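Undergrad: Read in the numbering used here, the sequence shown has 261 at position 256, and its numbers run on one by one without any break.
Beta carbons: idealized from backbone N, C-alpha and C, even for Gly.
Because the structure is a prediction, the values reported are computed rather than measured.
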Amino acid sequence: MPTLVRDRLTWLTFAQLGVYGYFLYGFGPSVPLLRDELGVSNAVSGLHGTALAAGSVLAGVGFAPLVAWLGRAAALRVALAGIAVGIAAYGLSPVLPMTLAGALACGFFGSVVVTGTIVVLGAHHGSAGPAAISEANAVAAGAGLVAPLLVGAGVSVGLGWRPGLLLAAVGAIAVWAASVRAGHRAGRAITDWEGEAGRRGGGAALGDAEEEGADAAGRLPPRYWLAWLVLVLCIGVEFCLTFWAADGLREHTGATPAAATAGVTAVVAGMFAGRLAGGRVALRVDAGRLLLAALALSAAGFAAFWLSTATVPALAGLVLAGLGIALHFPLGAARAVAASGGRPDRAAGRVSWAAGLASGVAPFALGAIADRVGTHTAFLLVPALLVAAAGCVLGSGRDPAPAAAVPAPAG
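#1: Please report the distance separating the alpha-carbon of threonine 380 from that of alanine 58.
#2: Leaving out the 5 sequence neighbours to the left and right, which residues in its chain are closer than 6 angstroms to proline 349 when beta-carbon positions are compared?
#3: What three-state label does DSSP hand aspartate 41 in the structure shown?
#4: Sort Leu385, Gly322, Ser401 by Cα distance to leucine 296 and report the nearest one.
#5: Excluding the five sequence neighbours on either side, which residues of its own chain have a C-beta within less than 6 angstroms of the C-beta of leucine 371, listed in chain order?
#6: Against chain C, does leucine 170 count as a neighbour if the rule is that its beta carbon must be under 9 angstroms from one of theirs?
#7: Put leucine 57 into one of helix, strand or coil per three-state DSSP.
#8: What did DSSP end up calling phenylalanine 28 once you bin it into helix, strand or coil?
#9: Comparing alpha-carbon positions, which option in Val242, Leu325, Phe307, Thr261 lies nearest valine 366?
#10: Going straight from the alpha carbon of alanine 79 to that of leucine 71, what length do you get?
#11: Compute the minimum distance between the beta carbon of glycine 33 and the heavy atoms of the ligand GTP, and state whether it is under 8 angstroms.
#12: Buried or exposed: valine 175, going by 16 or more other Cβ atoms within 10 Å of its Cβ?
#13: Comparing alpha-carbon positions, which option in Cys397, Leu312, Pro388 lies nearest valine 235?
#14: Could you give the first and the last residue of the continuous alpha helix (DSSP H) run that contains alanine 326?
#15: Sorted by chain position, which residues of the same chain lie with C-beta nearer than 6 angstroms to alanine 89's C-beta, five sequence neighbours on each side aside?
#16: Could you give the first and the last residue of the continuous alpha helix (DSSP H) run that contains glycine 51?
#17: Using the C-alpha atoms, what's the distance from glycine 112 back to alanine 64?
#18: Cα separation between methionine 103 and glycine 60?
#19: Closer than 8 angstroms is the cut-off here; do at least three beta carbon pairs connect the segment 152 to 170 with the segment 305 to 316?
#20: For serine 161, does the count of other Cβ atoms within 10 angstroms reach 16, so buried, or fall short, so exposed?
#21: If contacts are defined as beta-carbon pairs under 8 angstroms, then leucine 238 and leucine 126 qualify, I think. What distance do you get, rounded to the angstrom?
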């Protein structure tokens, strides 16, 4: 059975993803507040979400060239700095073009962090990579639970929403500084991995001790694209629930707006718990079988949510759905990279395409359907996505063996 060793590189990589998770889950509650300040319509304020998704898609194109140019360590440091600048532009600018530009920058650099985390943890931990990726996403979900509370607390005490969200920029700078220090320490012990070919030794994420190999030549194989489609479908489920659960609760259970807002917290809480537990389970169970079980658990939770006419059972269903959703992205991403045929940077970069496409299309599609038939009926899109994802997992066959972890040089 593989063992997950959480060393300095692992914890610093977790911290990178935690910073972006904090921003991402604090970003949603901030958009309506920014809308009121700018005096724009719902549609115009919604462009901030579109800009975030567009940044994610651009990162899918730019990640591999950025890594080829700078190396993984420097690329991820640049991404942390970019997140800080993007949050500052979004949170401090009084004009719409700059707030949109800030959201675009956060989507791009945040997706570079997400993508880099997948590659780094997969390479560093080998067969324990899916467990490490799951725990990293648990950190992001945990930070996401705190972010709305702090944003709301700032509003309650009269400070507004900005202080709570700007904490993410402070966190990005702090993790950047820690990564630079780690790189300097590693550089004293081993030859800098961004130096001459054949003498690379720094941390794949943070200048720590981790070998980095170049992507193999050629195109990503068809098997990869089937695994990539699973990601699109799974991410679509997550965004449909986080965007529309509150409306579904109000329409079908008669929940108050305050109680309905708790629907999003219920999903994220389930994701946090599921990723903590899922990291341990992923050490013992094949990723494909575990992903199928997670899809089934999400379907059961969704059914409880969709069928309930009372608020509390519906919220319990959303927590259960979140437990399953918790493993969709980490397992789906790990399977996709493992199916890349020796092209991990390119494969992980395309994961950002999946996130941007799913986050931009799936909740919009559910909303468009809801305009015609109501939110409750439109939510049937979710089980359709889950069934399609399960079919793709089954159609992809056995998971390829993950790459062995690269041993870290002494020091």
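TA: With the given structure in hand:
#1: For the purposes of this step, residue 380 is taken as residue 375 along the sequence shown, with counting starting at 1. For the purposes of this step, residue 58 is taken as residue 53 along the sequence shown, with counting starting at 1. When rounded, the distance between both Cα atoms is 23 angstroms.
#2: To locate residue 349, count along the sequence shown from 1; it is residue 344. Correct list, in chain order: Val124, Val342.
#3: By 1-based counting over the sequence shown, the position of residue 41 is 36. If DSSP states are grouped into helix, strand and coil, aspartate 41 belongs with the helices.
#4: Numbered from 1 along the sequence shown, position 291 holds the residue referred to as residue 296. Among Leu385, Gly322, Ser401, the Cα nearest to that of leucine 296 is on Ser401.
#5: Locating residue 371 in the sequence shown gives position 366, counting from the first residue. Same-chain partners within the cutoff: Cys245, Trp249, Ala383, Leu386.
#6: Although the question refers to chain C, the structure presented lacks it and comprises just one protein chain.
#7: Numbered from its first residue, the sequence shown carries residue 57 at position 52. Leucine 57 falls in the helix class under three-state DSSP.
#8: Taking the first residue of the sequence shown as 1, we reach residue 28 at position 23. Helix, per DSSP.
#9: The residue given as residue 366 occupies position 361 in the sequence shown. Here the closest residue by C-alpha is Val242.
#10: On the sequence shown, position 74 is the one that residue 79 refers to. On the sequence shown, position 66 is the one that residue 71 refers to. Distance between the alpha carbons of alanine 79 and leucine 71: 9 angstroms.
#11: Summarising the ligand content, the structure contains no ligands, and the ligand GTP is consequently not present.
#12: For the purposes of this step, residue 175 is taken as residue 170 along the sequence shown, with counting starting at 1. The residue in question, valine 175, is exposed, as its Cβ has fewer than 16 Cβ neighbours within 10 Å.
#13: Within the sequence shown, numbered from 1, the residue matching residue 235 stands at position 230. Closest option to valine 235, Cα to Cα, is Cys397.
#14: As a working note, residue 326 is residue 321 in the sequence shown. Where alanine 326 is concerned, the enclosing alpha helix (DSSP H) stretches over 316 to 343.
#15: Taking the sequence shown and counting its residues from 1, one reaches residue 89 at position 84. Taken in chain order, the residues that qualify are Ala174, Ala177, Ile178.
#16: Residue 51 sits at position 46 when you count from the first residue of the sequence shown. No alpha helix (DSSP H) holds glycine 51; DSSP gives it neither H nor E.
#17: The sequence position of residue 64 within the sequence shown is 59, counting from 1. The sequence position of residue 112 within the sequence shown is 107, counting from 1. Taking the straight line from one Cα to the other gives about 8 angstroms.
#18: For the purposes of this step, residue 103 is identified with residue 98 of the sequence shown, where counting begins at 1. For the purposes of this step, residue 60 is identified with residue 55 of the sequence shown, where counting begins at 1. Taking the straight line from one Cα to the other gives about 14 angstroms.
#19: no
#20: Along the sequence shown, read from residue 1 onward, the residue named residue 161 stands at position 156. Its Cβ having fewer than 16 others within 10 Å, serine 161 is exposed.
#21: To locate residue 238, count along the sequence shown from 1; it is residue 233. To locate residue 126, count along the sequence shown from 1; it is residue 121. Leucine 238 to leucine 126, Cβ: 23 angstroms. No contact.
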